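Below is one structure, written out as structure tokens; comments come after it.
In this note's numbering, the protein residues as written are 1496 to 2107.
In structure tokens form, the structure reads like this:
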């Protein structure tokens, strides 16, 4: 029998057998392949598939800006360019890859190898920063040669910059890179906000307001295969609703109480010296100036400090990392004499019109204490004693007070404790008394020590900020204010998050008549002939009052180190003060010539700005 199209039944059966055989063979191949994948190598491919995953790439937030009280920009973040490398994509060993890129950029090859060695067991498929802060020329060269530089790429990162690098460095603080140790010690919440290699504030304003300045990092979904290769996800598909891109939110901006023009002037006046200038509004506690010299360059820390530069800073005998405004402690010398003066009047152990004879020395039992003026001042009352800075007068007042009452009033005006300023690690200083000496030296207090403390010497130690706070309390009528440097916070969207609030640490009753006598003495120091600061601090622009001090330096070796420290604490206008300025110049010799001119320049600049 014939089938259609001229084929026999045998032909059809033969074709069917062939087709069936091929089909069976195909199934056998498929089964064998499935067995190979799922049984023989199942664990391997399962591991690979699990490592093919969507990862959320962090988009760093731009750090908040910092402005001064007049809305002048002090610090911001600008784009910086990092050279990054994925070793496996280069097709070279690490050494060969570093040598290759060296023909396109200028760097220390040996240092680059050391930097790479800091990464423990680096993943050759991961990208890491090879060099931070490329110059524009280097960026242009790398981009022009990109086809020849497989495995090398440029990443744009926001980097901190400071508008006035010569000043405000201790105040603003510095950034530091988060290393493995710091990362391990972080809280779980911080692990969500930071990565190893991120930068955060480690001192000053940058540290205190890190949470405000940091902002919120964004995320971008990236598909990463088992070899660490990254590629962007398509905007289509079902994954993006789950792994949606989130834009970074910039940090909030800070507005400081600082006047940057006064700050710059202070740094210029302290150039080549060791010391500090602190200026404060005695009505509110706003810090107008807080400058410490010598200093460092904050920008050197914004992308990882150079090891040689860091070593230079930490071994420098002038201690440029040391914030002398709040961390250094000094005997206040004669600037402290306002304490026995006001204490003596309030305790009624001295009359404003009482006179004490100064022959140039003071005898206490067998001990003889000298006045700075060897010929003596003759008969002086309280106002004259402040004007001429007569030691003998204050020896007598301090003897009558005794160390316990003297220490009480020193502490009442904020000495011996931290001021509470909102950003710094400050030193609380020392107000010695009988209990302190017994506890520390296991010896009884002696009368001569009280006399030394009464003129700001002995074991009494203060910071420049404490002296600014003390004089502010004196001239504002008895309110011990908490000094502050933060004026306000503004979010990246423009909303006001926080404003300035005056903070009072202590309010105490001061007899106004007693205050007037002390203030008159301080006015005479500057404005009358014979006052210790008249020649250097008297101003034709604004009436200034204040007190000089010359702190004796003992147990030092030779040369410059044997010179006394120069102090001046002043305020203006003398009748209704708006600004208090405390100046210390280490080894400046005399408060009159070494410190008071600096305060006068700061005060005059302050009032010049008001007239503009």
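C-beta: ideal position from N, C-alpha, C; glycine also. Computed from a predicted model, the values in this text were never measured in an experiment.
Item, Value
"Would residue 1924 count as contacting chain C if we go by Cβ distances under 7 Å?", "This model lacks chain C altogether; it includes just one protein chain."
"State whether the segment 1904 to 1924 contacts the segment 1792 to 1800, with contact taken as three or more CB pairs (one from each stretch) at a distance under 8 Å.", "no"
"Under three-state DSSP, which class holds residue 1554?", "strand"
"Quick check on this structure: which residue in 1831, 1568 and 1977 has the alpha carbon closest to the alpha carbon of residue 1953?", "1831"
"The beta strand (DSSP E) spanning residue 1993 covers which residue range?", "1991 to 1993"
"Helix, strand or coil for residue 1931? Go by DSSP, reduced to three states.", "helix"
"Could you give the residue range of the beta strand (DSSP E) that holds residue 2066?", "2060 to 2067"
"Can you tell me where the alpha helix (DSSP H) with residue 1982 in it begins and where it stops?", "Per DSSP, residue 1982 belongs to no alpha helix (DSSP H); it is in the beta strand (DSSP E), 1981 to 1985."
"Thinking C-alpha only, which one of 1673, 1912, 1567 and 1562 is nearest residue 1443?", "No answer is possible for residue 1443: the residues shown for the chain start at 1496 and end at 2107."
"Taking 7 Å as the threshold (C-beta atoms), are residue 1932 and residue 1890 in contact?", "no"
"By DSSP, does residue 1926 sit in helix, in strand, or in coil?", "coil"
"Give the C-beta separation of residue 2080 and residue 2060 to the nearest angstrom, bearing in mind that I take them to be a contact with Cβ-Cβ under 8 Å.", "7 Å"
"In three-state terms, what does DSSP make of residue 1880?", "helix"
"Is residue 1943 helix, strand or coil by DSSP?", "helix"
"Going by DSSP, what residues sit across from residue 1711 in a beta bridge?", "1744"
"Apart from the five residues just before and just after residue 2105, which ones in its own chain have a Cβ nearer than 7 Å to its Cβ?", "none"
"Could you give the uninterrupted runs of the beta strand (DSSP E) lying entirely in the segment 1853 to 1924, keeping only those of 3 residues or more?", "1856 to 1859, 1862 to 1865 and 1873 to 1875"
"Does residue 1624 come out as helix, strand or coil in the three-state DSSP assignment?", "strand"
"Leaving out the 5 sequence neighbours to the left and right, which residues in its chain are closer than 7 Å to residue 1853 when beta-carbon positions are compared?", "1866, 1871, 1872, 1873, 1875, 1885, 1887 and 1888"
"Could you give the distance in angstroms between the alpha-carbon of residue 2096 and the alpha-carbon of residue 1709?", "37 Å"
"CB-CB under 6 Å to residue 2069, same chain, minus the five flanking residues each way: which ones, in chain order?", "2018, 2038 and 2040"
"Identify every residue that forms a DSSP beta bridge with residue 1788.", "1770"
"Is the beta carbon of residue 1576 less than 7 Å from the beta carbon of residue 1649?", "yes"
"According to DSSP, is residue 1605 part of a helix, a strand, or is it coil?", "helix"
"Does residue 1653 come out as helix, strand or coil in the three-state DSSP assignment?", "strand"
"Kindly list the residues whose CB is nearer than 6 Å to the CB of residue 1862, restricted to its own chain and excluding five residues on each side of it in sequence; keep chain order.", "1943"
"Going straight from the alpha carbon of residue 1767 to that of residue 1787, what length do you get?", "12 Å"
"Which whole-angstrom value describes the C-beta separation of residue 1829 and residue 2045, a residue pair presumed to lie in contact below a C-beta threshold of 8 Å?", "7 Å"
"Count the other C-beta atoms from every protein chain shown that fall within 10 angstroms of the C-beta of residue 1632, then say buried if there are 16 or more, exposed otherwise.", "exposed"
"By how many angstroms is the C-alpha of residue 1756 removed from the C-alpha of residue 1663?", "11 Å"
"Using the Cα positions of residue 1485 and residue 2082, report the straight-line distance between them to the nearest angstrom.", "Nothing can be reported for residue 1485, as the shown portion of the chain is limited to 1496 through 2107."
"According to the neighbour-count rule (16 or more other Cβ atoms, all chains shown, within 10 Å of its Cβ), is residue 1526 buried or exposed?", "exposed"
"So within the segment 1810 to 1851, which uninterrupted alpha helix (DSSP H) runs reach at least 4 residues, ignoring any that extend past its ends?", "1833 to 1841"
"What is the rounded straight-line gap between the Cα of residue 2092 and the Cα of residue 1707?", "38 Å"
"Are residue 1743 and residue 1905 touching if we call contact CB-CB under 7 Å?", "no"
"Can residue 1775 and residue 2075 be called in contact, C-beta distance under 7 Å?", "yes"
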